[in-house]
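S.K.: Taken in sequence, the protein lines are chains A and S.
Residue numbers for the first sequence follow the numbering used here, beginning at 12 and rising by one.
Residue numbers for the second sequence follow the numbering used here, beginning at 2 and rising by one.
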Amino acid sequence: MSRSGSFFTGLFACFALSFGVAVLAPHYQIGTLIPSFKEEDGVISDVYPTAPGGNAANGRSVYISEGCQACHSQVVRGSESADIERGWGVRRTVARDYIFELPPVLGSTRLGPDLANVGSDKWRNEPELDKVRPSKRDSAWQFLHLYHPTAVVKGSNMPSYAHLFEKRKVSGHASLDALKLPVDLAPERGFEIIPTADAKALVAYLSSLNRSSPLKEAGAVAAVAPSKK
Amino acid sequence: MTEVASHHAPAPQTSTVTDLTLVSNRSAIDAAVRPAVVSLFLSGVAWLLLSTLFAAAVAVKLHFPSFLNWSFLSFGRLAPAADAAFVYGWCSTACLGVAVWIIARLSGRAAPGTSLVSFGALLWNGGVLIGVLSILLGNQRPFNGLEFPLAAFIVMFAGLCLVSVWLAITYYSDSTPSLSVMFVSGGVAWLGWSLLTGNLLVASHSVTGVVQQLAATWVSSGALWLWIVPVILGIAYFLVPKVTGQPVFSGPLGRSLFWLYFVTAGVISASRLSGGPVPLWLSSIAASGCILLLVPVLGTVYNLFATAKGATVTTASPSMRFVLFGLSVLGVATVLSAISSLRAVDYSVHYTLFDNGLRALLLRGAASMVLFGAIYYIMPRLSGCEWLSSSLISLHFLGSAYGGCMGAAMLILSGLASGSALNDADSNFSQVLELGNSYYWGHTMSFVLLLGGYFLFAMHFLLMAVRIGQPAGEPTLLNSHHEH
Chain A
12 MSRSGSFFTG LFACFALSFG VAVLAPHYQI GTLIPSFKEE DGVISDVYPT
62 APGGNAANGR SVYISEGCQA CHSQVVRGSE SADIERGWGV RRTVARDYIF
112 ELPPVLGSTR LGPDLANVGS DKWRNEPELD KVRPSKRDSA WQFLHLYHPT
162 AVVKGSNMPS YAHLFEKRKV SGHASLDALK LPVDLAPERG FEIIPTADAK
212 ALVAYLSSLN RSSPLKEAGA VAAVAPSKK
Chain S
2 MTEVASHHAP APQTSTVTDL TLVSNRSAID AAVRPAVVSL FLSGVAWLLL
52 STLFAAAVAV KLHFPSFLNW SFLSFGRLAP AADAAFVYGW CSTACLGVAV
102 WIIARLSGRA APGTSLVSFG ALLWNGGVLI GVLSILLGNQ RPFNGLEFPL
152 AAFIVMFAGL CLVSVWLAIT YYSDSTPSLS VMFVSGGVAW LGWSLLTGNL
202 LVASHSVTGV VQQLAATWVS SGALWLWIVP VILGIAYFLV PKVTGQPVFS
252 GPLGRSLFWL YFVTAGVISA SRLSGGPVPL WLSSIAASGC ILLLVPVLGT
302 VYNLFATAKG ATVTTASPSM RFVLFGLSVL GVATVLSAIS SLRAVDYSVH
352 YTLFDNGLRA LLLRGAASMV LFGAIYYIMP RLSGCEWLSS SLISLHFLGS
402 AYGGCMGAAM LILSGLASGS ALNDADSNFS QVLELGNSYY WGHTMSFVLL
452 LGGYFLFAMH FLLMAVRIGQ PAGEPTLLNS HHEH
């Protein structure tokens, strides 16, 4: 073989090694997982995770297209980190949580809180007894937050997603889904702010985010904050 | 060692009669590749300005979220667009331009069909443009560093293939490749292979779930560590001996480190996902890789500095000043990357802006500086005149060096500050953010320096591209007492 031939053969060997270690081997280990389930007398129950469907699936596309993942991760790390104590999840997330995600939205920066479980009732981003903690983060709260983050979270650094809403003239009765805005943000009389289909899908997606179902490889589910360190 | 040195004829000032045939051959090569190389550099510089403007706006948005908050310029779109335009627009086109010139020069010929290279450059740029516009218009993939949609990569890949074919024909020979050729062609080959494999796997859904992220991270980490960094090391192995007129300190050392570099840099990609839902063994290999990478990187940087040692021209030559600065920053960035891969450190700085700082350090502080150095060296040979003004070069150096390092340092400090709080459940999340926020002003200010420096460079470059400069002969040096 010529000298440059052996050079490129060597280089390709490095490439193959790299691909084998970083992609192929993990694929055989975690790339072919199936959902966990219980089977009793031929009856299958407690299937987790399930393929996302309905409006939440559309919302996932909106989330990706808006680039929410530039500021939000969807990964809860184990007990070496403070993620669980912060209220972002009851257990760490594992590969099985993401098997139906094409593509997965793990995120790499946390300029905002982790959202892996933001749809679960237990999710919080403040200490449990915090005075300013919202009593309920329902869809109406999420719409308000997306429309104008500082309206519900003081000093929030999250940008407004007002472009996912539209201002409409009230015809007859006010729409059911019109935002209930504080006076300083409310539109002029006779107008209302309503979420677009994209905003509704996005909030459906956020509400669907819940990776709390127990999985044996994820270790114990924390009922209370686990002891740290 | 000897065959490496033989490629590097003495610096022009000392050329002897025996070099004359070589020189005339060289100017023929330069003339042949000029259109392709200049158009690659030109598009690179345009992307440099555009992506830095984008990045400056992103920096402002970090503390003023309502700044330019239209849907197509919102943070979640502008940030990935800025990063991708920098990596695939500026760094990659400049690297391709340098690759074309260096491979032709070192092979002593230019294959016919340089217009294919120009067309390839056009395709590559078209792909990047498609990618950037797609992200801004709302079509991105949620993979950090690989946000462009598939269509963009297909067009870019087609362009890359044209350039690579030309490179292969030009280079084809039976001689042992020099260190410079090894690093440059290694980088080009890796980029092509990984773009193809990674995008195919992800787009065809051959891998699903977390493995898609692993594949994407493997491509984007490769674009940085196995494409851009090798090319800048290849540039340094070409320029340092050339400009100083001294042979490479140790050829055999350089070769061993080359192989060690490609093996270790190939397994570090998953370090950016450690702590997440990836196999533990993978994170461990990646973290060990980050530490082991210190050997080939610091070794290579040492080899290059030892090559330059004692030469008087190192401080006066613009290319040397940029290249040696970039190499030093590369060393620092690799040390930081090794430290941050330690489990305890990783758990706190992961997910903070530390990673972005490290990336900025590598891209702006190291890679861009070496690329500037290469352009300062190459353009006079293509245009037949010397750079107009040494003060413009000095100002460019100050702006890009201080701006790049300051911006990166602010992000790194912000990451360290917020990271320690992020990993301490007693601190409220808003406190975590506030700790990081204190560095945003410094980060934003760094863009004033960067934009100033880059803008001066762009002007100077444009003049050079239309052959406005000092008469050829005496290279433009930085210290006036060297200008006899």
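Beta carbons: idealized from backbone N, C-alpha and C, even for Gly.
Predicted model only: the values in this text are computed from it and were never measured.
Compile a chain-ordered list of the residues in the stretch 203 to 234 of chain S whose CB is closer than 9 Å to at least one CB of chain A.
M.R.: Listed by position, the residues of the stretch 203 to 234 of chain S near chain A (Cβ gap below 9 Å) are Val203, His206, Ser207, Val208, Thr209, Gly210, Val211, Val212, Gln213, Gln214, Leu215, Ala216, Ala217, Thr218, Trp219, Ser222, Gly223, Leu227.
S.K.: Could you tell me the alpha carbon to alpha carbon distance between Ala287(S) and Leu196(A), rounded to whole angstroms?
M.R.: Within the second sequence, the letter at position 286 stands for residue 287(S). Within the first sequence, the letter at position 185 stands for residue 196(A). The straight-line gap from Cα to Cα measures roughly 49 Å.
S.K.: Can the beta-carbon of Ala237(S) be found closer than 8 Å to that of Val336(S)?
M.R.: Numbered from 1 along the second sequence, position 236 holds the residue referred to as residue 237(S). Numbered from 1 along the second sequence, position 335 holds the residue referred to as residue 336(S). No; because the gap between Cβ atoms is not below 8 Å, this pair is not in contact.
S.K.: With which residues is Pro204(A) paired in a DSSP beta bridge?
M.R.: Within the first sequence, residue 204(A) is the residue found at index 193, counting from 1. According to the sequence provided, residue 204(A) is Ile. The question's Pro does not apply to it. Per DSSP, Lys178(A).
S.K.: Report the neighbours of Trp260(S) on chain A: residues whose CB is nearer than 8 Å to its CB, in chain order.
M.R.: Indexing the second sequence from 1 puts residue 260(S) at position 259. Residues of chain A passing the Cβ test: Gly21, Cys25.
S.K.: Count the other C-beta atoms from every protein chain shown that fall within 10 angstroms of the C-beta of Thr245(S), then say buried if there are 16 or more, exposed otherwise.
M.R.: The residue given as residue 245(S) occupies position 244 in the second sequence. By the neighbour-count rule (16 or more Cβ atoms within 10 Å), Thr245(S) is buried.
S.K.: Using a C-beta to C-beta distance shorter than 9 Å, which residues of chain A count as neighbours of Ala83(S)?
M.R.: Locating residue 83(S) in the second sequence gives position 82, counting from the first residue. Chain A residues near Ala83(S): none, gap ~11 Å exceeds 9 Å.
S.K.: Between Gly127(S) and Tyr89(S), which are expected to be in contact by the criterion C-beta below 8 Å, what is the C-beta distance as a whole number of angstroms?
M.R.: Indexing the second sequence from 1 puts residue 127(S) at position 126. Indexing the second sequence from 1 puts residue 89(S) at position 88. About 12 Å separates the two Cβ atoms, so there is no contact after all.
S.K.: Does DSSP put Pro472(S) in a helix, in a strand, or in coil?
M.R.: Locating residue 472(S) in the second sequence gives position 471, where the first residue counts as 1. In this structure, Pro472(S) counts as strand in the three-state DSSP scheme.
S.K.: Could you pull out every unbroken alpha helix (DSSP H) segment of at least 4 residues lying fully inside the stretch 301 to 377 of chain S, listed in chain order?
M.R.: The stretch 301 to 377 of chain S contains these whole alpha helix (DSSP H) runs: 314 to 317, 319 to 341, 344 to 350, 355 to 361.
S.K.: Determine the closest residue to Ser117(A) out of Ile233(S), Arg142(S), Ser421(S), Leu417(S), with distance taken between C-alpha atoms.
M.R.: In the first sequence, residue 117(A) corresponds to position 106, counting from 1. Sequence inspection shows Leu at residue 117(A); the Ser mentioned does not correspond to that position. With distances taken between Cα atoms, Leu117(A) lies closest to Arg142(S).
S.K.: I need the straight-line Cα distance from Leu343(S) to Leu274(S), nearest angstrom please.
M.R.: Translated into the one-based positions of the second sequence, residue 343(S) becomes position 342. Translated into the one-based positions of the second sequence, residue 274(S) becomes position 273. Rounded to whole angstroms, Leu343(S) to Leu274(S) spans 13 Å at the Cα level.
S.K.: Per DSSP, which residues does Ile95(A) bridge with? Please list them.
M.R.: Residue 95(A) sits at position 84 when you count from the first residue of the first sequence. Its beta-bridge partners do not exist; DSSP assigns none.
S.K.: For Val101(A), name the three-state secondary structure that DSSP assigns.
M.R.: Start at 1 with the first residue of the first sequence, and residue 101(A) comes out as number 90. Reduced to three states, the DSSP call for Val101(A) is coil.
S.K.: State buried or exposed for Lys227(A), treating a residue as buried only when at least 16 other CB atoms are found within 10 Å of its CB.
M.R.: Taking the first residue of the first sequence as position 1, residue 227(A) is located at position 216. The residue in question, Lys227(A), is exposed, as its Cβ has fewer than 16 Cβ neighbours within 10 Å.
S.K.: Restricting to Cα atoms, I'd like to know which of Tyr377(S), Trp228(S), Leu452(S) is closest to Leu389(S).
M.R.: Translated into the one-based positions of the second sequence, residue 389(S) becomes position 388. The candidate whose alpha carbon is nearest that of Leu389(S) is Tyr377(S).
S.K.: In angstroms with no decimal places, state the Cα-to-Cα distance between Gly453(S) and Phe398(S).
M.R.: Counted from its first residue, the second sequence places residue 453(S) at position 452. Counted from its first residue, the second sequence places residue 398(S) at position 397. Near 10 Å, if we compare the C-alpha coordinates of Phe398(S) and Gly453(S).
S.K.: For Ala339(S), which residues in the same chain have their Cβ closer than 8 Å to its Cβ, ignoring the five residues on either side in sequence?
M.R.: In the second sequence, counting from the first residue as 1, residue 339(S) sits at position 338. Taken in chain order, the residues that qualify are Cys291, Ile292, Leu294, Leu295.
S.K.: Considering just the uninterrupted stretch of the beta strand (DSSP E) at Val241(A), what are its terminal residues?
M.R.: A question about residue 241(A) goes unanswered here, because the residues of chain A that appear run from 12 up to 240.
S.K.: Spatial neighbours of Ser186(A) within its chain, please: C-beta separation below 7 Å, excluding the five flanking residues on both sides.
M.R.: Translated into the one-based positions of the first sequence, residue 186(A) becomes position 175. Correct list, in chain order: Glu203, Ile205.
S.K.: Bridge partners of Glu51(A), per DSSP?
M.R.: Translated into positions along the first sequence, residue 51(A) becomes position 40. Note: Glu51(A) sits in a beta bridge opposite Val54(A).
S.K.: Of the choices Thr53(S), Leu163(S), Gly311(S), Gly400(S), whose alpha-carbon is the least far from that of Gln247(S)?
M.R.: In the second sequence, the residue the question calls residue 247(S) occupies position 246. Among Thr53(S), Leu163(S), Gly311(S), Gly400(S), the Cα nearest to that of Gln247(S) belongs to Gly311(S).
S.K.: Arg142(S) touches chain A at which residues, Cβ-Cβ below 8 Å?
M.R.: Locating residue 142(S) in the second sequence gives position 141, counting from the first residue. Under the 8 Å cutoff, chain A gives Ile75, Pro114.
S.K.: Quick one, are the C-beta atoms of Ser270(S) and Gly223(S) less than 8 Å apart?
M.R.: For the purposes of this step, residue 270(S) is identified with residue 269 of the second sequence, where counting begins at 1. For the purposes of this step, residue 223(S) is identified with residue 222 of the second sequence, where counting begins at 1. Against a cut-off of 8 Å, the Cβ pair of Gly223(S) and Ser270(S) comes out as a contact.
S.K.: Using the rule of at least 16 other Cβ atoms within 10 Å of the residue's Cβ for burial, across every protein chain shown, is Glu112(A) buried or exposed?
M.R.: Residue 112(A) sits at position 101 when you count from the first residue of the first sequence. The residue is buried, with at least 16 neighbouring Cβ atoms inside 10 Å.
S.K.: By the three-class DSSP mapping on this structure, what secondary structure does Glu199(A) have?
M.R.: Numbered from its first residue, the first sequence carries residue 199(A) at position 188. Of the three classes helix, strand and coil, the one that applies to Glu199(A) here is coil, per DSSP.
S.K.: Sort out for me which residues DSSP pairs Ile387(S) with in a bridge.
M.R.: Counting from one through the second sequence, the residue named residue 387(S) turns up at place 386. First, the amino acid is wrong: residue 387(S) is Glu here, not Ile. Its beta-bridge partners are Gln471(S).
S.K.: With distances taken Cα to Cα, identify the nearest neighbour of Leu202(S) among Phe23(A), Ser13(A), Ala24(A), Leu35(A).
M.R.: Taking the first residue of the second sequence as 1, we reach residue 202(S) at position 201. When each option's Cα is compared against that of Leu202(S), the closest is Leu35(A).
S.K.: Determine the DSSP secondary structure at Ser486(S), reduced to helix, strand or coil.
M.R.: This structure leaves residue 486(S) out entirely; chain S is present only between 2 and 485.
S.K.: Out of Ile55(A), Gly31(A), Ser167(A), Ser150(A), point me to the one whose CA is closest to Phe430(S)'s CA.
M.R.: Working through the second sequence from its first residue, we reach residue 430(S) at position 429. Of the listed residues, the one whose Cα sits closest to Phe430(S) is Ser167(A).
S.K.: If contact means a Cβ-Cβ distance below 9 Å, which residues of the stretch 185 to 200 of chain S contact chain A?
M.R.: Result list: Ser186, Gly187, Ala190, Trp191, Trp194, Ser195, Thr198, Gly199.
S.K.: Quick one, which residues of the stretch 203 to 222 of chain A are near chain S if we go by CB-CB under 7 Å, in chain order?
M.R.: The residues in question: there are none.
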